[in-house]
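Here the first sequence stands for residues 1 to 358, where the numbers follow the UniProt record's numbering. By construction, the Cβ of each residue, glycine as well, lies at the ideal position given by its N, Cα and C atoms. Remember, it's a predicted structure, so these values are computed and weren't measured experimentally. Before any comments, here is the structure.
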Amino acid sequence: MATDAAALPVAADDFATRLLRWFDVNGRHDLPWQHPRSAYRVWVSEIMLQQTQVRVVVPYFERWMQALPNLADLAAADADTVHALWAGLGYYARARNLHAAARRCVALHEGALPRDIEALLALPGIGRSTAGAILAQAHGLRFPILDGNVKRSLARYHGIRGWPGTRAVELELWALAEAHLPQTRLADYTQAVMDFGATLCTRQNPACVLCPLQDACVARREGATAEIPAPKPARTLPQRETTMLVVIDTDGRLLLERRPPAGIWSGLWSLPEAADADAAHRALARHARVEFDAGEPLPAIEHGFSHYRLRIQPVLWRGAGPIDRVAEDGVRWQPLAALDQVGLPAPVRRLLGGIAVS
DNA sequence: GAAACGTGGAG
DNA sequence: TCTCCAAGTTT
């Protein structure tokens, strides 16, 4: 902790005041969830924005609101509709949690998102930061957020050099986020700290020369903006392999299977998966009563996840005639012409795009 | 506390 | 091409 007065940051009031003044001129004031601003729209945007950048979210948000303009619509929607609207955004548990939370709001909170912090935190998918963002942005209540932008900004401003992934640093940052809260304009302030981190106090090459806090920033003074916050400890990603079946009948339909409830892409429609080509061949017999040859191996694709690297080996079968279908839950034959109506995982879409399916 | 959970942008 | 990681939460 700094001891000499010159090393101390400006007062908390000043921090918020400067940030708000900066925000009025340089902030983002025309994001789609700001006009109109409702608790439902703020909520959906906050969930979509978890670990996801604004420019990626915007088109998904617009499409979502077109289909499900209010909470009651979401609660009444079926799971496949929700999945299809989310497909491509990733972290699909967010969509399932959103759906489940909307239904809980209808059952327990008179069809609206609660304004109470504890009730909000009890809803699936809403943690402390998201709850704070909803309360501050939708209702102007005095709650802090602590997303990646705020963590980075506060760590630099206060010269906190530890990795924010540790409990101690995280708690310290929460305390600072709370201490800096202004007494008014909480919605604007919340947007201001996020805009500040996203556009000025960026991970690389922060624009310190334009910063309204530059004279009080510890990292700036110590020339340590590149070292703060400390990066996550690196590790080598494990490699996994899988085989996926591309089965097309002569009616131009593709065999899809619902992913199991746990694990990657859970609940989404996808290509049937097997451990290897032989297992894929055997699996095929479960879905279609036709004799098949060994199938045609297609070029494999590599896909990097956050925690492992996956090599997908597709194997193609084309039916000699319309394939006799076995009725089974979690299986469907989807016309290739209507494939975009299904929420398929991104690598699967890419894989299919590389095949002359028609 | 660590691991799981997706995708696309940026350097 | 490859690494890092972005408006985090859950188990």
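Distance from D195 to G330 at the Cβ level is roughly 44 Å; contact not present, criterion being Cβ atoms closer than 8 Å. If you compare the alpha carbons of R221, R259 and Q51 with that of N149, the shortest gap goes to Q51.
Judged by beta-carbon spacing, Y157 lies beyond the 8 Å limit of A16, meaning their Cβ atoms are not closer than that value. In the three-state reduction of the DSSP assignment, H29 falls in the coil class. Excluding residues up to 5 positions away in sequence, L245, P272 and A274 lie with their Cβ nearer than 8 Å to the Cβ of A283 in the same chain. Taken in chain order, the complete beta strand (DSSP E) segments of 3 or more residues contained in the region 222-297 are 239-248 and 253-258. Take the alpha-carbon of P32 and the one of A285: they are about 48 Å apart. W333 places its beta carbon less than 8 Å from that of R253.
Counting along the chain, W174 sits inside the alpha helix (DSSP H) bounded by residues R167 to A179.
Leaving aside the five residues that flank Y308 on each side, the residues in its chain whose CB is nearer than 6 Å to its CB run, in chain order, L237, P238 and R240. Beyond the five residues adjoining it in sequence on each side, V42 comes within less than 8 Å, by CB distance, of W33, A133, I134, Q137 and A138 in the same chain, given in chain order. Note on D24: under 16 other CB atoms within 10 angstroms of its CB, so exposed under the neighbour-count rule. Shown here, E328 sits in coil according to DSSP, grouped into three states, outside any helix or strand. Take the alpha-carbon of L171 and the one of G165: they are about 10 Å apart. The beta carbons of A102 and A75 sit closer together than 8 Å. Judged by beta-carbon spacing, G319 lies within the 8 Å limit of I248, meaning their Cβ atoms are closer than that value. The Cβ-Cβ distance between S45 and V56 does not fall below 8 Å.
Using a 10 angstroms sphere on the CB of E257, the tally of other CB atoms reaches 16 or more, which defines it as buried. A residue is called buried when at least 16 other Cβ atoms come within 10 angstroms of its Cβ; G343 meets this threshold and is buried.
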